[in-house]
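**Student:** Once you know that position 50 of the sequence shown is 50 in my numbering, the rest is easy, because the numbers rise by one and skip nothing.
Have a look at the structure that comes next, please.
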Amino acid sequence: MGDQHNGAQQNSAQNDSAQQGGADLERWRLVLGPAAENCLGGLGESNAARDAALDWLYSRDDDLGKRGVRRGGARSDGPRGADDSPSQLTTVDWLDGIHRLFPKETIERLERDAVERYEIHDVLTNPDVLERIEPSPSLLKAVLRTKHLMNPQVLAAARRIVEEVVERLVEKLSVQVRTVFTGSRTRKPSWHRRSRDFDLKRTLRANLKHYQPEDRRVAIERPQFHSRTSKRLEQWQLVLLVDQSGSMTGSVIHSAVTAACLHALPGLKTHLIAFDTAVVDMTSDVDDPVELLMKVQLGGGTDIARAVEYGAGLIENPRRSIVALISDFYEGGSEARLVHLVKQLCEQGTQVLGLAALDEDANPIYDHNMAARLANVGAHVGAMTPSHLVEFVAERLGT
Numbered sequence: 001m002g003d004q005h006n007g008a009q010q011n012s013a014q015n016d017s018a019q020q021g022g023a024d025l026e027r028w029r030l031v032l033g034p035a036a037e038n039c040l041g042g043l044g045e046s047n048a049a050r051d052a053a054l055d056w057l058y059s060r061d062d063d064l065g066k067r068g069v070r071r072g073g074a075r076s077d078g079p080r081g082a083d084d085s086p087s088q089l090t091t092v093d094w095l096d097g098i099h100r101l102f103p104k105e106t107i108e109r110l111e112r113d114a115v116e117r118y119e120i121h122d123v124l125t126n127p128d129v130l131e132r133i134e135p136s137p138s139l140l141k142a143v144l145r146t147k148h149l150m151n152p153q154v155l156a157a158a159r160r161i162v163e164e165v166v167e168r169l170v171e172k173l174s175v176q177v178r179t180v181f182t183g184s185r186t187r188k189p190s191w192h193r194r195s196r197d198f199d200l201k202r203t204l205r206a207n208l209k210h211y212q213p214e215d216r217r218v219a220i221e222r223p224q225f226h227s228r229t230s231k232r233l234e235q236w237q238l239v240l241l242v243d244q245s246g247s248m249t250g251s252v253i254h255s256a257v258t259a260a261c262l263h264a265l266p267g268l269k270t271h272l273i274a275f276d277t278a279v280v281d282m283t284s285d286v287d288d289p290v291e292l293l294m295k296v297q298l299g300g301g302t303d304i305a306r307a308v309e310y311g312a313g314l315i316e317n318p319r320r321s322i323v324a325l326i327s328d329f330y331e332g333g334s335e336a337r338l339v340h341l342v343k344q345l346c347e348q349g350t351q352v353l354g355l356a357a358l359d360e361d362a363n364p365i366y367d368h369n370m371a372a373r374l375a376n377v378g379a380h381v382g383a384m385t386p387s388h389l390v391e392f393v394a395e396r397l398g399t
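Here you go:
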């Protein structure tokens with residue numbers, strides 16, 4: 001019996017090992033594509049469906065054609081079966097499939113590649129597709145770049161994507177704004193129990209009588225919290241000048257969201273100005289970032305100096321003003337005039353920010369020479385996330 005039992009265990013272990021080995025081979029087969037099938041073997045039903053979904057998208061890659069190979073394993077000049085041709089699968093079918101077959105992170109990557117890398121236009125022009133696709137920041141950027149081409153029905157479906165992504169961004173940044181702009185803590189106790197106001201020293205003192213020697217710890221029965229003061233803020237102005245050129249799409253989105261979150265703050269008057277070769281004052285829509293983004297027109301030339309001149313004309317008290325120029329600094333107008341206007345703003349006491357990016361990545365591509373010239377006349381030049389801009393504004397307002 002013992003030998004039979006041991007043998008059964010060994011067989012079970014061998015089966016488990018074989019199953020694990022088979023799963024590993026299938027994963028490698030998915031990575032390497034059908035060309036590796038002779039070496040690694042075929043795929044099970046679920047992985048075959050995943051492979052077909054990947055093939056529908058990535059068989060469009062130009063590099064495969066240059067090497068004379070499709071993802072499907074056949075030569076690019078060889079016969080192509082009707083059953084595996086990407087054209088046999090609609091975008092709607094493909095979207096339904098990947099939402100069933102892959103985890104969320106993979107779905108977002110596949111949808112991003114479909115829009116940005118392979119420019120599958122019906123993702124943005126077919127309302128049925130837009131109803132199924134997962135809203136994401138990359139998809140929002142694509143919508144903003146192409147919304148001028150959409151008919152009213154498609155535009156209505158696209159607006160859902162704008163609303164959902166903007167709502168997430170506003171919710172996230174609003175928490176940071178509330179935290180940064182809350183009054184400073186005082187030594188007075190508070191009955192409001194908020195984790196960020198927890199007073200450790202006072203709590204320990206108030207609960208020492210509950211010390212438990214055997215466990216070497218204090219039982220907390222009466223937690224203590226700080227109170228906060230609300231400082232009266234002097235009136236400041238924040239003028240956001242946002243470049244609408246195509247490379248600044250992410251910064252346009254986050255500028256709209258940031259302006260909306262700062263707009264309702266007491267003591268701060270927020271303006272939002274969009275520009276290319278023309279200047280458009282969008283301050284009237286600053287409390288509705290969705291509507292604002294639906295009105296933005298991306299692309300075109302760039303006249304930064306004209307936008308700075310317009311922003312300078314809005315300033316009421318130079319020493320209580322912040323001008324944030326969000327641009328890649330590739331000036332299509334007069335470079336000398338731009339530098340002169342920024343120098344004038346700095347000399348009159350206005351805080352000037354030159355932001356080459358305002359988004360979550362803060363990885364800009366910009367004209368380094370122009371950025372250096374603006375820094376030399378007094379501007380603070382760099383890249384920021386929206387939360388860093390909020391902190392900068394809060395510091396200037398004295399909170």
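Glycine included, each C-beta is placed from N, C-alpha and C at the ideal position.
These numbers were taken from a predicted model, which means no experiment stands behind them.
Mind pulling the alpha helix (DSSP H) runs of 4 or more residues that sit fully within the region 226-298?
**Tutor:** Runs found: 249-263 and 289-295.
**Student:** In angstroms with no decimal places, state the Cα-to-Cα distance between Arg205 and Phe181.
**Tutor:** Distance between the alpha carbons of Arg205 and Phe181: 30 Å.
**Student:** Below 9 Å between beta carbons: does that hold for Val162 and Leu293?
**Tutor:** Yes, they are a contact pair.
**Student:** For Tyr366, which three-state DSSP category applies?
**Tutor:** Tyr366: coil per DSSP, three-state reduction.
**Student:** Can you give the Cα-Cα distance for Glu395 and Glu116, rounded to whole angstroms?
**Tutor:** Straight-line Cα distance between these residues: approximately 38 Å.
**Student:** In its own chain, which residues sit with a C-beta less than 8 Å from the C-beta of Leu173, not counting the 5 before and 5 after it?
**Tutor:** Correct list, in chain order: Val257, Thr258, Cys261, Pro386, Ser387 and Val390.
**Student:** With DSSP as the reference, label Gln224 as helix, strand or coil.
**Tutor:** Gln224 falls in the coil class under three-state DSSP.
**Student:** In angstroms, rounded to a whole number, what distance separates the CA positions of Leu124 and Glu331?
**Tutor:** If I take the Cα positions, the gap works out to 31 Å.
**Student:** Using the beta-carbon count (16 or more within 10 Å), is Tyr211 buried or exposed?
**Tutor:** So Tyr211 ends up on the exposed side.
**Student:** Would the region 237-255 count as touching the region 352-366 if we require 3 or more Cβ pairs under 8 Å?
**Tutor:** In short, these stretches touch, since the Cβ pair count reaches three.
**Student:** Let's test the definition: count the other Cβ atoms within 10 Å of the Cβ of Ile273 and tell me whether it reaches 16, buried, or not, exposed.
**Tutor:** The residue in question, Ile273, is buried, as its Cβ has 16 or more Cβ neighbours within 10 Å.
**Student:** Report all residues from its chain with a CB closer than 6 Å to the CB of Ala379; omit the five preceding and five following residues, and keep chain order.
**Tutor:** So the list reads Val342, Val352 and Gly354, once near-sequence residues are dropped.
**Student:** Between the alpha carbons of Thr146 and Val170, how many angstroms are there, rounded?
**Tutor:** Those two C-alpha atoms are separated by around 23 Å.
**Student:** Could you pull the start and end residues of the beta strand (DSSP E) that Gly313 belongs to?
**Tutor:** Gly313 -> not in any beta strand (DSSP E); alpha helix (DSSP H) instead, spanning Ile304 to Leu314.
**Student:** Please classify Gly354: does DSSP put it in a helix, a strand, or coil?
**Tutor:** In this structure, Gly354 counts as strand in the three-state DSSP scheme.
**Student:** My assumption, with CB atoms under 8 Å, is that Arg27 sits in contact with Val92. Please give the rounded CB distance.
**Tutor:** About 28 Å; that fails the 8 Å criterion.
**Student:** Quick one, which of Gln237, Phe198, Glu291 and Ser245 has its alpha-carbon nearest Ile322's?
**Tutor:** Comparing Cα positions, the closest option is Gln237.
**Student:** Between the Cα of Ile326 and the Cα atoms of Arg109, Asp276 and Ser46, which residue gives the shortest distance?
**Tutor:** Nearest C-alpha to Ile326: Asp276.
**Student:** CB-CB under 7 Å to Met370, same chain, minus the five flanking residues each way: which ones, in chain order?
**Tutor:** The residues are Phe329, Glu331 and Glu335.
**Student:** Given this structure, state the Cα-to-Cα distance separating Gly333 from Glu309, to the nearest angstrom.
**Tutor:** Taking the straight line joining both Cα atoms gives about 12 Å.
**Student:** Return the chain-ordered list of same chain residues with a C-beta closer than 6 Å to the C-beta of Ile304, the five sequence neighbours on each side being excluded.
**Tutor:** Answer for Ile304: Ser327, Glu331 and Leu338, listed in chain order.
**Student:** Classify Arg216 as helix, strand or coil using the three-state DSSP reduction.
**Tutor:** The answer is coil: DSSP assigns Arg216 none of H, G, I, E or B.
**Student:** If you draw a straight line from the alpha carbon of Val175 to that of Leu40, how long is it in whole angstroms?
**Tutor:** Cα to Cα, Val175 sits roughly 50 Å from Leu40.
**Student:** Can you give the Cα-Cα distance for Leu268 and His121, rounded to whole angstroms?
**Tutor:** Answer to the nearest angstrom: the Cα atoms are 42 Å apart.
**Student:** Cβ atoms of Gly246 and Leu298: under 9 Å apart, would you say?
**Tutor:** Yes.
**Student:** Taking the straight line between their C-alpha atoms, what separation do you get for Val393 and Leu374?
**Tutor:** Distance between the alpha carbons of Val393 and Leu374: 20 Å.
**Student:** Would you decide whether Phe225 is buried or exposed? Buried here means 16 or more other CB atoms lie within 10 Å of its CB.
**Tutor:** So Phe225 ends up on the buried side.
**Student:** Quick one, are the C-beta atoms of Asp159 and Val242 less than 9 Å apart?
**Tutor:** This sequence places Arg at residue 159; Asp is not what is there. No, Cβ-Cβ distance for Arg159 and Val242 is not below 9 Å.
**Student:** For Gly382, I'd like the list of residues in its chain whose CB is within less than 6 Å of its CB, leaving aside the five on either flank, ordered along the chain.
**Tutor:** Answer for Gly382: no residue qualifies.
**Student:** Excluding sequence positions up to five away, which residues of its chain have a Cβ less than 8 Å from the Cβ of Gly44?
**Tutor:** Result list for Gly44: Glu26, in chain order.
**Student:** Need the endpoints of the beta strand (DSSP E) that Gly382 sits in, please.
**Tutor:** It spans His380 to Met384 - the beta strand (DSSP E) in which Gly382 sits, taken as one unbroken run.
**Student:** Just grab the DSSP bridge partners of Phe198 for me.
**Tutor:** DSSP, once it has assigned bridges, lists Phe225 as partnering Phe198.
**Student:** When the distance is taken between beta carbons, is Pro364 closer than 9 Å to Leu429?
**Tutor:** Missing from the structure shown is residue 429; the chain here goes from 1 to 399 and no further.
**Student:** Considering Val162, what are the terminal residues of the alpha helix (DSSP H) in which it resides?
**Tutor:** Its alpha helix (DSSP H) spans residues Pro152 to Val180.
**Student:** Exposed or buried, what is Ser184 when buried is set at 16 or more other beta-carbons lying within 10 Å of its beta-carbon?
**Tutor:** Residue placement at Ser184 cannot be trusted, given a pLDDT of 49 that sits under 50; the coordinates are not used to answer.
**Student:** I need the DSSP call for Ile326, collapsed to helix, strand or coil.
**Tutor:** Here Ile326 sits in strand by DSSP.
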